[in-house]
Each structure stands twice: as structure tokens, then as C-alpha cells.
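Right, one structure below, let's go through it.
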């Protein structure tokens, strides 16, 4: 949904407030580059990233992180919302579907971005917070790879979603398993690995190219139609993957209709 990594977007204010060093900034940027070219998609690399993240944030005050995100969200994220993503969200809402945002980034960063887009259902990485309000260095839930599949299955069971009727979007081959769960998978600005999988399985692909300020999106409908973004079979969505499911009200209406029949 946004044209840059949400984690990297907040690297500058984290550095400014003394939470990370210049070396951490460089290391994070390099890791993101490797990930984007498809070299960071194996389980071993994801495990190393998880452990590095846990060690990096140990001792940080959780409220300080939330405050930094709140104060810098408009400056760092708003100019990078894809018009195509905003239009796609509106189309699914108009069809009466729930929208769930799934991301490997931390909940503290993902949730405020989702809320500005009107998305309150969030699946993201959750860090353990001690009694002193600081991160302990342990991860309660790492929302990456197979864990996304588990979390989405649990949500589908809880809400009685029919996954074969759901839509999912991602730019990373690490989400191939999650895309395979739904009946309507789509690769968006796919990395090399996901593009290969999409071609092999005949999945549609979309190209998002037009970042716009979120404030403009709230004032007017996005100028770029979703259909114009279609490629062949059918920047990055770096926050992660969105699952679009049948709306619960639609299901309730079906149950009510059956009861009166």
C-alpha cells in the first residue's frame, strides 16, 4: 500500500531520538535491498531478521516508539500512499468486504497507518513488553512467512470467512503461501521470486506507480483507476499483504433470509 518500507521510513526519527545507531540505519537499508531483489526470502534469513529485531529493540520504551510514529506519520508515510491501493481498498469496501492489513512490520508502526486508511483489523509483529513498559527482547508473534498463514487461517475460522472467496495482495515471494490460501490472489509490484510464482500459477499481477498524500486521498477519490494498473495476466506494497473477505453483515443477511424462508 505504500511506496517504501514502513520500517525504513521510521529509521530517521528512531536515529534522531537515539534508539538506533548510524550502523543500524545502514544495516537496515542493506537488508531491505537484499530482500527486495529476492535474496532474503528463505526461512533462515527471516529467522536472522527476527532475532536481530528482537535484540535491537530490547530496552526501548514502547510508548516512546508509539509517540515517534504518531509525530512523524504524516511527514514520512502520507506522501507514499499508492493511489491504486487506495482505489482498490475503496472498491472492496463498496462491495461490502472486510479489509485486513497483514504486515511483518511492528504493530506500533502498522496500526496507525492502517487506521488512517480506515483499516482497524491488523495482523503485525508483536513485541513483548515488560512491566516497566520496555521491550524485553522477546517476540510474542513474528508476522512473517508461515506465521502469516497461521494468523489468517485463525482469523478466517474466528469470523467464518470463506477463504476461497477472499482476495489477497502482496509484493513478496515470502507471502506465496498466504496468497495460495485465497481464491483471488494477486501479485503487486512483485519481486523476482513472486513474479516467477505468479507466472507459473497464472496469478494476476498489478503495477502500482502513483504515490499520493493521504490527505488528498481523504478529500477526493484517487485519480488512478485500478483497471489501468493491470498487467498482462491480470514503491512496493512494503507494509505487506491485505486480505479482503466477505463482510460479516452480508453473511448475517444470508442467515436471516434463510431463517425466514
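Numbering (the working numbering), first residue to last: 18 to 278.
Note that beta-carbon positions come from the ideal geometry of N, C-alpha and C, so glycine has one too.
With 16 other CB atoms within 10 Å as the buried threshold, where does residue i fall?
| i | result |
| --- | --- |
| residue 182 | exposed |
| residue 162 | buried |
| residue 111 | exposed |
| residue 114 | buried |
| residue 121 | buried |
| residue 131 | buried |
| residue 313 | No statement about residue 313 is possible, as the shown extent of the chain runs from 18 to 278 and does not include it. |
| residue 160 | buried |
In the DSSP assignment, the beta strand (DSSP E) including residue i goes from what residue to what residue?
| i | result |
| --- | --- |
| residue 114 | 114-123 |
| residue 143 | 138-146 |
| residue 182 | Taken as a continuous stretch (DSSP letters only), residue 182 belongs to no beta strand (DSSP E), as it is neither H nor E. |
| residue 205 | 201-205 |
| residue 174 | Looking at the DSSP string, residue 174 is not in any beta strand (DSSP E); the run it does join, the alpha helix (DSSP H), is 163-176. |
| residue 154 | 152-158 |
Contact defined as beta carbons within less than 8 Å: I believe residue i pairs with residue j. What is the distance between those atoms, to the nearest angstrom?
| i | j | result |
| --- | --- | --- |
| residue 145 | residue 156 | 7 Å |
| residue 191 | residue 223 | In fact, because the Cβ distance is near 18 Å, the residues do not count as touching under 8 Å. |
| residue 186 | residue 205 | 5 Å |
| residue 106 | residue 116 | 6 Å |
| residue 98 | residue 18 | 7 Å |
Less than 7 Å between C-beta atoms, sequence neighbours within five positions excluded: which residues of the same chain meet that for residue i?
| i | result |
| --- | --- |
| residue 123 | 141, 142, 144 |
| residue 129 | 86, 87, 90 |
| residue 166 | 194, 195, 198 |
| residue 243 | Low local confidence applies: a pLDDT of 45 at residue 243 is under 50, so the model's placement there is unreliable, with the coordinate-based value given in what follows. Excluding positions up to five away in sequence, the list reads 101, 104, 105, 108. |
| residue 174 | none |
| residue 207 | 188, 215, 222 |
| residue 82 | 125 |
| residue 213 | none |
Excluding the 5 residues preceding and the 5 following residue i in the sequence, name in chain order all residues of the same chain whose CB lies nearer than 6 Å to its CB.
| i | result |
| --- | --- |
| residue 2 | For the chain, the structure presents residues 18 to 278; residue 2 sits outside this window and is missing. |
| residue 66 | none |
| residue 201 | 184 |
| residue 136 | 116, 118 |
| residue 180 | 173, 198, 199 |
From which residue to which residue does the alpha helix (DSSP H) around residue i run?
| i | result |
| --- | --- |
| residue 76 | Segment: none, residue 76 is in no alpha helix (DSSP H) and carries neither H nor E. |
| residue 110 | 100-111 |
| residue 210 | 209-218 |
| residue 197 | 193-198 |
Going by beta carbon distance, what residues of the same chain come within less than 8 Å of residue i, once the five residues before and after it are set aside?
| i | result |
| --- | --- |
| residue 294 | For the chain, the structure presents residues 18 to 278; residue 294 sits outside this window and is missing. |
| residue 72 | 154 |
| residue 158 | 142, 143, 164, 168 |
Are the C-beta atoms of residue i and some chain C residue less than 8 Å apart?
| i | result |
| --- | --- |
| residue 103 | Of the chains in the structure shown, none is chain C; there is only one protein chain. |
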